[in-house]
Every structure is written in C-alpha cells, then in structure tokens.
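Following: one structure in structure tokens, then a few remarks.
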Amino acid sequence: MNIRKGNPEDMESVLGLIQELAIFEKEPDAVVITVDDLLRDGFGENPLFHVFVAEEEEEIVGIALYYYRYSTWKGKTIHLEDLIVKDKMRGSGVGSALYAEIMKQGKKDNVRRIEWNVLAWNTPAVKFYENSGARILEDWQVVQMDEAGINSFLEKL
C-alpha cells in the first residue's frame, strides 16, 4: 500500500469514495459535488482542501480529506472532513495508515488540534478513535445550516 498526496487525476476516484461513504452513512442522495468541483476547490490558487490517497495495486482504496481551520482558543487546526476506506478494504490497515498520515501532517504543520466528526452508531470508528487517544466530546452538538435553511433565514430578514 502507498499513501500519497492526491492529485487532479485522482478526483474521479475520490468522488467515488465520497459517494460510497454517503451510502454507508444512509444518505445516498446527499452528494451534489462533481469532479469539476473537486478540481476547482482542491487544486486552484487557494485550495480549500487537501487529500491523501491510499493506493493498492494502482487502485485508490481510501482517502483522508482535510482542511485548515482557525480556533480562537488554539490557533491553526486541521479539520479531517472524511476518512474513507473502500468497503472491501476495511480492517486491512488502510484507515490506520491514512489516520497516521493526518496526524503526521498536523505535527509537521504545528497545529494544536485535529478534529473531526463521527456518527455515534459507527461503533468500530468510535472505538478506533478512542483507542488512539482521541476524545469524543459528548457535550458538543454539531450544528449545520443547509442551503434551504440559509435561503429561508435570509428571506426572513
């Protein structure tokens, strides 16, 4: 297995893994981005994300997509948006290798925190993260405003 930075030629496979994750998370119709979106947003003058890919026999079998955030308490942080491993490769060490690569990137970048979300029902992932030393913050809730909600809010102003 080879872990490397993703490049524009990988984006079709990256999108396929994102779609596979959406199915796993019971949101099969939620993905609206395209390969063109990934190319524009990840490889322009000011990329909005970075991605590591895991290859096995020239096939991309996993990704770790991340971006930088700023914490008023900690300064520069990394947000791990998605760590995805193809279903057929789960349990093979791909996820662990990608996770380690994100931690190495954080250390290299001198970030004070790396954060991500995990679904409570994804018990294998929860256990993996807890066993790695990560803390799952029980008191915090994820808050989101989708496109329809944004539009509705703004219409009320």
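Residue numbers for the sequence shown follow numbering that gives the first Met the number 0, so the first one is 0 and each next one is one higher.
Where a beta carbon is used, it is the ideal one built from N, C-alpha and C, also for glycine.
If you're wondering where the values come from, they're calculated on a predicted model, not measured in any experiment.
- prompt: Tell me, which residues are paired with residue 91 by DSSP?
  reply: Counted from its first residue, the sequence shown places residue 91 at position 92. In DSSP, residue 91 forms no bridge with anything.
query: Going by Cα to Cα distance, which pick from 16, 36, 34 and 37 is closest to residue 27?
result: The sequence position of residue 27 within the sequence shown is 28, counting from 1. Out of 16, 36, 34 and 37, 16 has the C-alpha closest to the C-alpha of residue 27.
- prompt: Candidates 67, 68, 51 and 70: which alpha carbon is nearest residue 61's?
  reply: Start at 1 with the first residue of the sequence shown, and residue 61 comes out as number 62. Closest by alpha carbon: 51.
- request: Could you tell me the distance, in whole angstroms, from the CA atom of residue 83 to the CA atom of residue 32?
  value: Along the sequence shown, read from residue 1 onward, the residue named residue 83 stands at position 84. Along the sequence shown, read from residue 1 onward, the residue named residue 32 stands at position 33. Cα to Cα, the separation comes out at about 16 Å.
field: Whole-angstrom distance between residue 47 and residue 7, CA atom to CA atom
entry: Counting from 1 along the sequence shown, the entry for residue 7 is found at position 8. Counting from 1 along the sequence shown, the entry for residue 47 is found at position 48. Distance between the alpha carbons of residue 7 and residue 47: 14 Å.
query: How many whole angstroms separate the CB atoms of residue 24 and residue 136, which I take to be in contact at a CB cut-off of 8 Å?
result: Stepping through the sequence shown from its first residue, residue 24 is reached at position 25. Stepping through the sequence shown from its first residue, residue 136 is reached at position 137. Not a contact, Cβ separation roughly 20 Å.
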